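To start, the structure itself, in structure tokens.
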Amino acid sequence: MQGSGTQGAAALRPMLRFAPSPNGFLHVGHAYSALLNERLARQLGGGLLLRIEDIDATRCRPEFEDALLDDLAWLGVRFDGVPLRQSERFGVYGAYIGRLTSAGLTYRCFCSRSDIAAATRASGETRRDPDGASLYPGTCRCGEQGPAPDLAGRPFSLRLDMAKAVQQATAITGDAPLTMPSLDAALHAETIAVDPLAWGDVIVARKETPTSYHVSVTVDDALQGVTHVVRGRDLEAATAIHRLLQTLWGFPAPAYLHHDLIRDASGEKLAKSLGSKPLRQLRAEGVTPQELRASLGF
Numbered sequence: 126m127q128g129s130g131t132q133g134a135a136a137l138r139p140m141l142r143f144a145p146s147p148n149g150f151l152h153v154g155h156a157y158s159a160l161l162n163e164r165l166a167r168q169l170g171g172g173l174l175l176r177i178e179d180i181d182a183t184r185c186r187p188e189f190e191d192a193l194l195d196d197l198a199w200l201g202v203r204f205d206g207v208p209l210r211q212s213e214r215f216g217v218y219g220a221y222i223g224r225l226t227s228a229g230l231t232y233r234c235f236c237s238r239s240d241i242a243a244a245t246r247a248s249g250e251t252r253r254d255p256d257g258a259s260l261y262p263g264t265c266r267c268g269e270q271g272p273a274p275d276l277a278g279r280p281f282s283l284r285l286d287m288a289k290a291v292q293q294a295t296a297i298t299g300d301a302p303l304t305m306p307s308l309d310a311a312l313h314a315e316t317i318a319v320d321p322l323a324w325g326d327v328i329v330a331r332k333e334t335p336t337s338y339h340v341s342v343t344v345d346d347a348l349q350g351v352t353h354v355v356r357g358r359d360l361e362a363a364t365a366i367h368r369l370l371q372t373l374w375g376f377p378a379p380a381y382l383h384h385d386l387i388r389d390a391s392g393e394k395l396a397k398s399l400g401s402k403p404l405r406q407l408r409a410e411g412v413t414p415q416e417l418r419a420s421l422g423f
């Protein structure tokens, strides 16, 4: 199912992207990531894209998108072209998920989060997948006769049969291990082996959303010609899954830089879910863009 590659002439120009989700207000950690992308794009002589990752219709709202666009304009970050909105691209993602299904690499999963949590407690499994959820034990994959009759009509997610997917990727790479082209802040390169098997059968299409973060980000990085992915270290583990999908779909591998996270005075990482102070509040308190840039080393 390997494709023919998608970057074409765009690969000649370095391209980076900043990809926030409009499910809350941007905080200082987002500002740091946007500014680092801007600096590296300039150093590489490339471009910087803005992508709105709004596939989660239950949490992403137009007012948050308006606010993040306003905050980025206040910060002075300049982007190439118009923003890409993932909520407008479900058909594109569905086509690539369909290729996985046609290759026999997906299966339907009817398990709820509570089902999975109970199964992992019973097995003593304490690891979590890159999405922060309990590591899926393969319950629905292990059923040989398909879904029970009482599951007919119930919503389901699609999961990637990781063992089969890795086997197929290995056939594509000629038994070479999957690797991640990695950079540090000084753009020194190295190659790091990655192991997608560590994360179990991840979701490629959710019950309530016809895609997943792993699918949409991998597809868009390729179709937008992104050559350098610069994002927080909290997403480093997910890169193994993205490298697997890139291999299966025949996409080129971007170079990855996973930067350290900005933390508060107590050492906790900044997060919308934790109520970290948003940029809008700093602006209301009189902080200027120049002051914020300087405080972050820009």
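Take the position in the sequence shown, starting the count at 1, then add 125; the result is the number in my numbering. Virtual Cβ for every residue (Gly too), placed ideally from N, Cα, C. Everything numeric in this text was worked out from a predicted model, so none of it was measured.
Checklist entry - Closest by CA to Tyr157, which one among Ile387, Pro302, Leu230, Glu410? => result Counted from its first residue, the sequence shown places residue 157 at position 32. Cα-wise, what sits closest to Tyr157 is Ile387.
Checklist entry - Under the three-state reduction of DSSP, which class applies to Leu386: helix, strand or coil? => result One-based indexing of the sequence shown puts residue 386 at position 261. Here Leu386 sits in coil by DSSP.
Next on the checklist: Just to confirm the assignment: which complete alpha helix (DSSP H) runs, minimum length 4, are found wholly within the region 204-241?
Outcome noted: Counting whole runs of 4 or more residues, the region 204-241 contains the alpha helix (DSSP H) stretches 215-227.
Next on the checklist: Does Ile180 come out as helix, strand or coil in the three-state DSSP assignment?
Outcome noted: Here residue 180 corresponds to residue number 55 of the sequence shown, with the count starting at 1. In the three-state reduction of the DSSP assignment, Ile180 falls in the coil class.
Checklist entry - Touch check for the region 372-384 and the region 350-364: three-plus C-beta pairs under 8 Å? => result Flag = yes, the region 372-384 and the region 350-364 touch.
Checklist entry - Apart from the five residues on each side of it in sequence, which residues of its chain come closer than 7 Å, Cβ to Cβ, to Leu193? => result Here residue 193 is taken as the residue at index 68 of the sequence shown, counted from 1. Excluding sequence positions up to five before and after Leu193, its CB lies within less than 7 Å of the CB of Pro145, Pro147, Leu151, all in the same chain and listed in chain order.
Next on the checklist: I'd like to confirm the pairing. Which residues does DSSP put opposite Pro174 in its beta bridges?
Outcome noted: Translated into the one-based positions of the sequence shown, residue 174 becomes position 49. For the record, residue 174 in the displayed sequence is Leu; it is not Pro. The beta-bridge partner set that DSSP reports for Leu174 consists of Arg142.
Checklist entry - Who pairs with Pro306 in a beta bridge, going by DSSP? => result Locating residue 306 in the sequence shown gives position 181, counting from the first residue. Partner(s): Thr316.
Next on the checklist: Could you pull the DSSP bridge partners for Gln367 from this structure?
Outcome noted: Here residue 367 is taken as the residue at index 242 of the sequence shown, counted from 1. Residue 367 is actually His in this sequence, not Gln. Answer is none; His367 lacks a bridge partner.
Checklist entry - DSSP on Tyr381, reduced to helix/strand/coil? => result Along the sequence shown, one-based indexing puts residue 381 at 256. The three-state reading of DSSP puts Tyr381 in strand, counting E and B together.
Next on the checklist: With three or more beta-carbon pairs closer than 8 Å as the criterion, would you say the region 200-207 touches the region 219-231?
Outcome noted: Judged by Cβ distances under 8 Å, the region 200-207 makes no contact with the region 219-231, as fewer than three pairs qualify.
Item to check | Simplified DSSP assignment, three categories, for Pro403 | outcome: Locating residue 403 in the sequence shown gives position 278, counting from the first residue. Here Pro403 sits in strand by DSSP.
Item to check | Environment of Cys265 [buried if 16+ CB atoms lie within 10 Å] | outcome: As a working mapping, residue 265 is identified with position 140 in the sequence shown. Buried.
Checklist entry - Taking the C-alpha atoms as reference points, what is the distance between Pro139 and Ser248? => result In the sequence shown, the residue the question calls residue 139 occupies position 14. In the sequence shown, the residue the question calls residue 248 occupies position 123. Distance between the alpha carbons of Pro139 and Ser248 is about 46 Å.
Item to check | Segment limits, beta strand (DSSP E) that includes Leu357 | outcome: Taking the sequence shown and counting its residues from 1, one reaches residue 357 at position 232. Before going on, a small fix: residue 357 reads as Gly here, not Leu. Membership of Gly357 in the beta strand (DSSP E) is indicated by the continuous run 353-357.
Next on the checklist: For the pair the region 365-375 and the region 338-348, tell me if three or more CB-CB distances fall below 8 Å.
Outcome noted: As far as the Cβ criterion goes, the region 365-375 touches the region 338-348, which means the pair count is three or higher.
Checklist entry - In terms of DSSP beta bridges, what is Ala330 paired with? => result In the sequence shown, residue 330 corresponds to position 205, counting from 1. Note: Ala330 sits in a beta bridge opposite Leu283.
Item to check | Length of the line joining the Cα atoms of Thr336 and Arg224 | outcome: What you label residue 336 is simply residue 211 of the sequence shown in a count that begins at 1. What you label residue 224 is simply residue 99 of the sequence shown in a count that begins at 1. Here the alpha carbon of Thr336 sits roughly 13 Å from the alpha carbon of Arg224.
Checklist entry - Using DSSP with H/G/I as helix, E/B as strand and the rest coil, what is Ser391? => result Here residue 391 is taken as the residue at index 266 of the sequence shown, counted from 1. Note: Ser391 maps to coil in three-state DSSP.
Next on the checklist: Within 10 Å of its beta-carbon, does Gly172 have 16 or more other beta-carbons around it, so buried, or fewer, so exposed?
Outcome noted: Counting from 1 along the sequence shown, the entry for residue 172 is found at position 47. With 16 or more Cβ atoms within 10 Å of its Cβ, Gly172 is classed as buried.
Checklist entry - Mind checking Pro321: buried by the 16 CB within 10 Å criterion, or exposed? => result The sequence position of residue 321 within the sequence shown is 196, counting from 1. With at least 16 other beta carbons inside 10 angstroms of its own, Pro321 counts as buried.
Next on the checklist: Strictly by DSSP, which residues pair up with Arg253?
Outcome noted: Here residue 253 refers to the residue found at position 128 of the sequence shown. For Arg253, which the question treats as bridged, DSSP gives the partners Ser259.
Item to check | Host alpha helix (DSSP H) of Thr343 (start-end) | outcome: For the purposes of this step, residue 343 is identified with residue 218 of the sequence shown, where counting begins at 1. Per DSSP, Thr343 belongs to the alpha helix (DSSP H) from 338-348.
Checklist entry - In chain order, what residues of the same chain have a beta carbon less than 7 Å from the beta carbon of Cys185, not counting five sequence neighbours either side? => result The residue you call residue 185 lines up with position 60 of the sequence shown. Sequence-distant Cβ neighbours of Cys185 in its own chain, meaning closer than 7 Å and more than five residues away, are Ser146, Pro147, Asn148, Asp179.
Checklist entry - Regarding Gly350 and the ligand COA, is the C-beta to nearest heavy atom distance less than 7 Å? => result No copy of the ligand COA appears in this structure; indeed no ligand is present at all.
Next on the checklist: Assuming Arg167 is part of the alpha helix (DSSP H), what are its boundary residues?
Outcome noted: The residue you call residue 167 lines up with position 42 of the sequence shown. 153-169 is the extent of the alpha helix (DSSP H) around Arg167.
Next on the checklist: Applying the 10 Å Cβ sphere with the 16-neighbour rule, what's the burial state of Val401?
Outcome noted: Translated into the one-based positions of the sequence shown, residue 401 becomes position 276. For the sequence presented, residue 401 should be read as Ser rather than Val. Answer is buried; the Cβ neighbour count reaches 16.
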